[in-house]
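Visitor: Attaching a single structure in structure tokens format; questions to follow.
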Amino acid sequence: MTSVRYPLSLLLPLCFIALLVPPMPFGISLPGSLTSFALLFSNSASWPGLLVMMLVPLVLVARAFALPPRQIALLFGILVALLLLDLGIKTLLKAMVSEPRPYVLWLQQHANVAGMDRFYQRPDTARLTLLMAAQINLAIPDPLLQHWAYGVNYAFPSGHLLVAITLSLFFGLIWPSNTPGRILLILWLLAVALSRLLLGMHWGIDLLGSALLAGIPAWLAACWVKKHLLQEAAE
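Okay, so the sequence shown: first residue is -17 according to our numbering, each after it adds one.
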């Protein structure tokens, strides 16, 4: 795949998921196995799963190109810089856009808990209290409630998708084209995206916006790495 074909093969199926799969804060009605699947892949794009998804591709790329320690350190530094940029984008835009999460709107309609209609007007600790009250009323499974409690902030953009796009695009573009690694990265990204919808954490537009926000810097960084760092290693 070229530097154009790979991003398209990654982004086109993501668009289908974002546009065709409705957000389901209705996760309490999902089969337990599907909820477990969603939690597994969602958590793989946040700490500590994120560490594994960073280091495994990094080691494989370093071995594929026989990179010396100095270049491995530089590659790692570029990756950390991209993820810190993702964190800054997420923090800034969540405060600016203030888009409610799907599960919050669902709870406001169904939980019948006093104060739920003012969920985002309350501090984080009070939001957690409202979630606990909603669990009593709606019998929300503990794993799902704990995941919601981790994300009582706003929806746009998706931090998980920012991370997943950054890792999938960055490593996918610099990975040797004759390895199955690119396919695995695409499948992982799509699983993360689907999990965010199934858990009621994001809307489809959140996923697409996050892909654009993270995709441009990751693509530019990967192009620089291929042109300078990897070419230097090959000489």
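Ideal Cβ placement from N, Cα and C applies to all residues, glycine included.
Mind listing, in chain order, the continuous alpha helix (DSSP H) runs of no fewer than 4 residues lying wholly within the stretch 31 to 73?
Guide: Counting whole runs of 4 or more residues, the stretch 31 to 73 contains the alpha helix (DSSP H) stretches 31 to 46.
Visitor: Is there contact between the stretch 94 to 108 and the stretch 36 to 45, where contact requires at least three CB pairs shorter than 8 Å?
Guide: Too few Cβ pairs lie closer than 8 Å, so no.
Visitor: Does the beta-carbon distance from Leu127 to Gln117 come in below 7 Å?
Guide: For Leu127 and Gln117, yes; Cβs fall inside 7 Å.
Visitor: Whole angstroms is fine: what's the gap from His184's alpha carbon to Val174's?
Guide: Rounded to the nearest angstrom, the two C-alpha atoms are 11 Å apart.
Visitor: Would you report the Cα separation of Leu(-10) and Ile156, rounded to the nearest angstrom?
Guide: When rounded, the distance between both Cα atoms is 15 Å.
Visitor: Please report the straight-line C-alpha distance between Tyr136 and Gly186, rounded to a whole angstrom.
Guide: One C-alpha to the other measures close to 14 Å.
Visitor: Just checking my contact of Leu110 with Phe101 at CB under 8 Å: how many whole Å lie between their CB atoms?
Guide: Incorrect: roughly 11 Å between the Cβ atoms, too far for contact.
Visitor: Look at the alpha carbon of Leu120 and the alpha carbon of Leu57, and state the distance between them as a whole number of angstroms.
Guide: Roughly 47 Å separates the two Cα atoms.
Visitor: When you compare each of Thr161, Thr148, Arg178 to Pro199 by their alpha carbons, which one comes out closest?
Guide: Comparing Cα-Cα distances from Pro199 to each of Thr161, Thr148, Arg178, the minimum goes to Thr148.
Visitor: Can you say whether Lys208 is buried or exposed, counting buried as having 16 or more other CB atoms within 10 angstroms of its CB?
Guide: Result: exposed.
Visitor: Using CA coordinates, which residue listed in Pro158, Leu180, Val79 is at the minimum distance from Ala48?
Guide: Checking every option, the nearest Cα to that of Ala48 belongs to Pro158.
Visitor: Leaving out five residues before and five after Leu189 in sequence, what residues of the same chain have Cβ atoms less than 8 Å from its Cβ?
Guide: Same-chain partners within the cutoff: Leu(-4), Ile(-1), Ala0, Ser140, Leu143, Ala175, Arg178, Leu179.
Visitor: Helix, strand or coil for His219, going by three-state DSSP, please let me know.
Guide: Residue 219 lies beyond the residue range present for the chain, which begins at -17 and ends at 217; the question has no answer from this structure.
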